[in-house]
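Student: Mind looking over this structure? Questions follow.
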Amino acid sequence: MSDFRGRITIEAGKRGGKPCIRGLRITVYDVLGWLASGMSNAEILADFPDLTAEDIQASLAFAADRDHHLVAASP
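Numbering (the working numbering), first residue to last: 9 to 83.
Have a look at this one:
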């Protein structure tokens with residue numbers, strides 16, 4: 009799995025403290041949303057030239073890692 013820790017930053021005053029890509033104002037959730045809407049990596053990179061393919065991979069790795077920490081609530 010890709011190590012996202014060097015690419016994903018969280019700053020309290022930026023985008024409400026959401027995880028961003030390399031300190032940019034582009035969040036992990038922005039990238040995931042674009043992918044979920046059907047945009048290809050190439051389309052994202054063309055529309056957002058500040059991003060790299062590694063940034064997209066780091067967003068996916070971040071989401072996968074976060075999912076591992078979810079715990080089901082007991083009834």
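By construction, the Cβ of each residue, glycine as well, lies at the ideal position given by its N, Cα and C atoms.
1) Would you mind sorting ALA66 into buried or exposed? The rule is 16 or more other CB atoms within 10 Å of its CB.
2) Any beta-carbon of chain D closer than 8 Å to the one on ALA54?
3) Taking the alpha-carbon of LEU68 as reference, which of GLU19, ILE18 and ASN49 has the nearest alpha-carbon?
4) Between the Cα of LEU59 and the Cα atoms of ALA71, GLY31 and LYS26, which residue gives the shortest distance?
5) Return the first residue and the last residue of the alpha helix (DSSP H) that GLY24 is part of.
6) Excluding five sequence neighbours on each side, which residues of the same chain lie with their C-beta closer than 8 Å to the C-beta of ALA61?
7) What is the DSSP secondary structure of ILE52, counted as helix, strand or coil?
Tutor: If we stick to the structure as given:
1) buried
2) The structure shown contains no chain D; it is built from a single protein chain.
3) ASN49
4) GLY31
5) Taken as a continuous stretch (DSSP letters only), GLY24 belongs to no alpha helix (DSSP H), as it is neither H nor E.
6) ASN49 and LEU53
7) helix
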